[in-house]
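**Student:** Below you will find the structure I want to go over with you.
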Amino acid sequence: MSQLTDARLDRGDVVVRVKPEGLVDFFRLLKLDSELCFDMLLDVTAVDWMDQAEARFELVYHVLSTAKLHRLRVKVWVQESKPEIESLCPLWSGANFMEREVWDMYGIKFHGHPDLRRILMYEEFVGHPLRKDYPVQGKQPRVPLRHPEVENTARLMKRPALVQINKRAAGASEQEGSRR
Amino acid sequence: MKAPDPELLNVDYGVGGVTTHVRSRKLGDDLHSETMVLNLGPAHPATHGTVRIVAELSGEKILDADVEVGYLHRGFEKMCETVDYNQVMPYADRLNYVSPIINNVGWCLTVEKLLGVEVPKRCQYIRVIMSEISRITDHLTCLGASAMELGAFTVMLYMIEARELLWELVEDVTGARLTISYGRVGGLKYDLPNGFAAKLDAALKQTRKILVDCDRLLTRNRIFIERMCDVATITAEQAADFSLTGPIARASGLNYDVRKAFPYSSYDEFDFEVPLGSKGDNYDRFLVRFYEIEQSMRICEQAISRLPDGPIAVDDPHIVLVPKDQVYGSIDGMINHFEMVMYGVKPPKGEAYIPVEGGTGELGFYTISDGSGYPYKVHVRAPSFIHMGVMRQMLLGAAVADVVPTFGMINMIGGECDR
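Protein chains in written order, with the working numbering: chain W, 4 to 183; chain V, 2 to 420.
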């Protein structure tokens, strides 16, 4: 527990603050220790403190023990100059979507995440919307037309010539294929 | 979790940089055939709510799947930072729009925890009654829609009829059916109307009758069972690993219900059971929801029969609006009213997280107050969003036809998933 820097009781919830180094080991301890037994990662989110705190970003994890029925809130500072942290995906598969959301909304990178893409916004989105310096009514550049994944087959299809009803009678076999 | 094939990641499909997790690849079989990529959604009749599932198929079998959410993202959390605490209520309605009262209750409890107040017993009981009615409507919608997608259209109509009865009750109390905005920080908008107990009793009686019919039509129906049984099985360990809560987790045998584990709003005073599944397949998820409806009705009946008298809001002019006769009759009342309207509720600095048992799972509101009238940060732990994370795991190895019942039983609500 050398990562632990602060622990307190806030409105009945246990809140601990840890160093970003060795975060996965800390959570592994929480998960595997038979007394703690925090088997579920409930929630991952971040807070943008701008210049009001000792670092710009604060990651907030909520974990739950479904067997012992206790909860814990874990907080980690993340510096603006290096918005990176270890991913918890090796411990909990559920971390996948939650960390993708934090990356999308706050631009904090998770090392060791198998598939860190935007999740709620689209790929071409510029910036990270839940940061405090992103304007509430921010305008985004127009996205160019994406390459259609399904081509308009109706337009490209080679159609056979229209059947001419009086073909034989008019001796119009030469015209076959000329009309569309 | 099976690690995704690295060479399949972030394939650029030309202009615009559309990345898709899945693309077709050569199969190592004798026929030298290729897999096929099937795109379900975002606008597909079976994806009620907008979600896109890109599935890689070998014949009927799903080898890999990419689940894309976010088509309904409207910036709920960003909007909440620009309005005061009571103005969040209409936004919260639109999270899980099938059971909006539970969202209201969750948000109210969070702000009340920040303020350090507890609402009167009568308010707590009314919140419980309305939450449970919402839970029933949520489950009825989920089960009815899923049954319809598997061909049981009659069941859908029956369940919509039952839902209609309950929504009429909601309309009686709140004046609206869907976007009700019934909660208020520190209380409720209105008290229950006269004669509500009798109406509730009649509606529950009729709902029970309809549920018996649905049970006869569906639960032992062979077609239904064959589509649902042993499909998308999730064990209890996997459920904890994927952070599943609510009926999905309980269908896998994970005994976790927020109402029992961390009782809020006097839930510990009611006698109800938590149905648990054993296998964790779609059929168990269906049954767990079916039996939860009965338990919710039991809670409603207990709450209405023991409904205490008293006020429905805390007696604090800095949290709730003062009565109109005081506004027009006294200078204090006028000032308090003005301050509430202009500045809103001002919780002290701090943070709070409150979980409530939503229709789909643990719905949590994490809020930070900086001492002003506007929340500094609002985050919703949306169960639908987190449950979509397990969709890929459920679909691996399943058939294309299994996508529809699996998606139905996850009960993804677009408004809550994408926020």
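Beta carbons: idealized from backbone N, C-alpha and C, even for Gly.
1) Quick one: residues in its chain with C-beta nearer than 6 Å to the C-beta of residue 1 of chain V, no 5 flanking neighbours on either side, listed in chain order?
2) Determine whether the Cβ of residue 378 of chain V lies closer than 8 Å to any Cβ atom of chain W.
3) Using the beta-carbon count (16 or more within 10 Å), is residue 320 of chain V buried or exposed?
4) Enumerate in chain order the residues of its own chain whose CB-to-CB distance from residue 145 of chain V is below 7 Å, with the five nearest sequence positions on each side excluded.
5) Looking at the C-beta of residue 8 of chain W, does it have a partner C-beta in chain V at a distance below 8 Å?
6) Taking the alpha-carbon of residue 75 of chain V as reference, which of W:105, W:74, W:133 has the nearest alpha-carbon?
7) Between residue 43 of chain W and chain V, is any beta-carbon pair separated by less than 8 Å?
8) Would you list, in sequence order, the uninterrupted alpha helix (DSSP H) runs of no fewer than 4 residues that lie entirely inside the stretch 25-107 of chain W?
9) Hey, is residue 14 of chain W's beta-carbon within less than 8 Å of any beta-carbon in chain V?
10) Taking the straight line between their C-alpha atoms, what separation do you get for residue 60 of chain W and residue 54 of chain W?
11) Can you have a look at residue 163 of chain V and say buried or exposed, based on whether 16 or more other CB atoms are within 10 angstroms of its CB?
12) From the beta carbon of residue 77 of chain V, is the nearest beta carbon of chain W less than 8 Å away?
13) Can you give me the start and stop residues for the beta strand (DSSP E) that residue 116 of chain V sits inside?
14) With a cut-off of 8 Å, do at least 3 Cβ pairs link the stretch 96-104 of chain V to the stretch 252-260 of chain V?
15) Would you be able to state if there are at least three C-beta pairs under 8 Å between the stretch 224-241 of chain V and the stretch 260-267 of chain V?
16) Helix, strand or coil: how does DSSP classify residue 155 of chain W here?
17) Name the chain V residues whose beta carbon is nearer than 9 Å to that of residue 97 of chain W?
18) If you draw a straight line from the C-alpha of residue 8 of chain W to the C-alpha of residue 19 of chain W, how long is it?
19) For residue 304 of chain V and residue 168 of chain V, I'd like the C-alpha separation in whole angstroms.
20) By alpha-carbon positions, which one of V:206, V:388, V:407, V:404 ends up nearest to residue 99 of chain W?
21) What's the C-alpha gap between residue 404 of chain V and residue 176 of chain V?
22) If you check the beta carbons only, do residue 35 of chain V and residue 400 of chain V fall under 8 Å apart?
23) Given that residue 65 of chain W touches chain V, what residues does it touch there, using C-beta distances under 8 Å?
24) Nearest to residue 102 of chain W by CA position, among V:224, V:386, V:296, is which residue?
25) What is the DSSP secondary structure of residue 112 of chain W, counted as helix, strand or coil?
26) Suppose you measure from the CA of residue 108 of chain W to the CA of residue 220 of chain V; what does that come to, to the nearest Å?
27) Specify, as a first and last residue, the run of the beta strand (DSSP E) that residue 21 of chain W falls within.
28) Tell me, please, whether the CB atom of residue 92 of chain V is closer than 8 Å to any CB atom in chain W?
**Tutor:** The short version:
1) Only positions 2 to 420 of chain V appear in this structure, which leaves residue 1 of chain V out of reach.
2) Numbered from 1 along the second sequence, position 377 holds the residue referred to as residue 378 of chain V. At a cut-off of 8 Å between beta carbons, residue 378 of chain V contacts chain W.
3) To locate residue 320 of chain V, count along the second sequence from 1; it is residue 319. Buried, because 16 or more other Cβ atoms sit within 10 Å of the Cβ of residue 320 of chain V.
4) Position 144 of the second sequence, counted from the start, is the residue given in the question as residue 145 of chain V. Once the five neighbours on either side are set aside, the close Cβ partners of residue 145 of chain V are 156, 157, 160, 161.
5) Position 5 of the first sequence, counted from the start, is the residue given in the question as residue 8 of chain W. No, because no Cβ of chain V sits closer than 8 Å to the Cβ of residue 8 of chain W.
6) For the purposes of this step, residue 75 of chain V is identified with residue 74 of the second sequence, where counting begins at 1. The candidate whose alpha carbon is nearest that of residue 75 of chain V is W:133.
7) As a first step, residue 43 of chain W is located in the first sequence; it is residue number 40 there, counting from the start. Judged by the 8 Å Cβ criterion, residue 43 of chain W is in contact with chain V.
8) 26-35, all fully within the stretch 25-107 of chain W.
9) As a first step, residue 14 of chain W is located in the first sequence; it is residue number 11 there, counting from the start. Interface flag for residue 14 of chain W against chain V is set, since a Cβ pair is found closer than 8 Å.
10) On the first sequence, position 57 is the one that residue 60 of chain W refers to. On the first sequence, position 51 is the one that residue 54 of chain W refers to. Taking the straight line from one Cα to the other gives about 10 Å.
11) By one-based count along the second sequence, residue 163 of chain V stands at place 162. Burial call: buried.
12) If you number the second sequence from 1, residue 77 of chain V lands on position 76. No, because no Cβ of chain W sits closer than 8 Å to the Cβ of residue 77 of chain V.
13) Position 115 of the second sequence, counted from the first residue, corresponds to residue 116 of chain V. Careful: residue 116 of chain V lies outside any beta strand (DSSP E), inside the alpha helix (DSSP H) at 101-116.
14) As far as the Cβ criterion goes, the stretch 96-104 of chain V does not touch the stretch 252-260 of chain V, which means the pair count is below three.
15) The stretch 260-267 of chain V vs the stretch 224-241 of chain V: no contact.
16) Your numbering for residue 155 of chain W matches position 152 in the first sequence. Only weak support is given to the placement of residue 155 of chain W: the predicted model assigns it a pLDDT of 49, under 50, and the question is left unresolved by the model.
17) To locate residue 97 of chain W, count along the first sequence from 1; it is residue 94. Per Cβ cutoff of 9 Å: 241, 242, 243, 244, 245, 387, 390, 391.
18) Residue 8 of chain W sits at position 5 when you count from the first residue of the first sequence. Residue 19 of chain W sits at position 16 when you count from the first residue of the first sequence. Distance between residue 8 of chain W and residue 19 of chain W, taken at the CA atoms: about 8 Å.
19) Along the second sequence, one-based indexing puts residue 304 of chain V at 303. Along the second sequence, one-based indexing puts residue 168 of chain V at 167. Straight-line Cα distance between these residues: approximately 18 Å.
20) Sequence index remark: in the first sequence, residue 99 of chain W carries index 96 (1-based). If we check each option's Cα against that of residue 99 of chain W, V:388 comes out closest.
21) If you number the second sequence from 1, residue 404 of chain V lands on position 403. If you number the second sequence from 1, residue 176 of chain V lands on position 175. Per the coordinates, the alpha-carbon of residue 404 of chain V lies some 38 Å from the alpha-carbon of residue 176 of chain V.
22) As a position in the second sequence, residue 35 of chain V is number 34, starting the count at 1. As a position in the second sequence, residue 400 of chain V is number 399, starting the count at 1. No, the pair does not count as a contact, with Cβ atoms beyond the cut-off.
23) As a first step, residue 65 of chain W is located in the first sequence; it is residue number 62 there, counting from the start. Those are 354, 365, 367, 382, listed as they occur along chain V.
24) As a position in the first sequence, residue 102 of chain W is number 99, starting the count at 1. Taking each of V:224, V:386, V:296 in turn and checking the Cα distance to residue 102 of chain W, the smallest one comes out for V:386.
25) As a first step, residue 112 of chain W must be located in the first sequence, where it is residue number 109. In this structure, residue 112 of chain W counts as strand in the three-state DSSP scheme.
26) Within the first sequence, the letter at position 105 stands for residue 108 of chain W. Within the second sequence, the letter at position 219 stands for residue 220 of chain V. Taking the straight line from one Cα to the other gives about 43 Å.
27) Here residue 21 of chain W refers to the residue found at position 18 of the first sequence. Taken as a continuous stretch (DSSP letters only), the beta strand (DSSP E) holding residue 21 of chain W covers 16-21.
28) Counting from one through the second sequence, the residue named residue 92 of chain V turns up at place 91. Not an interface residue.
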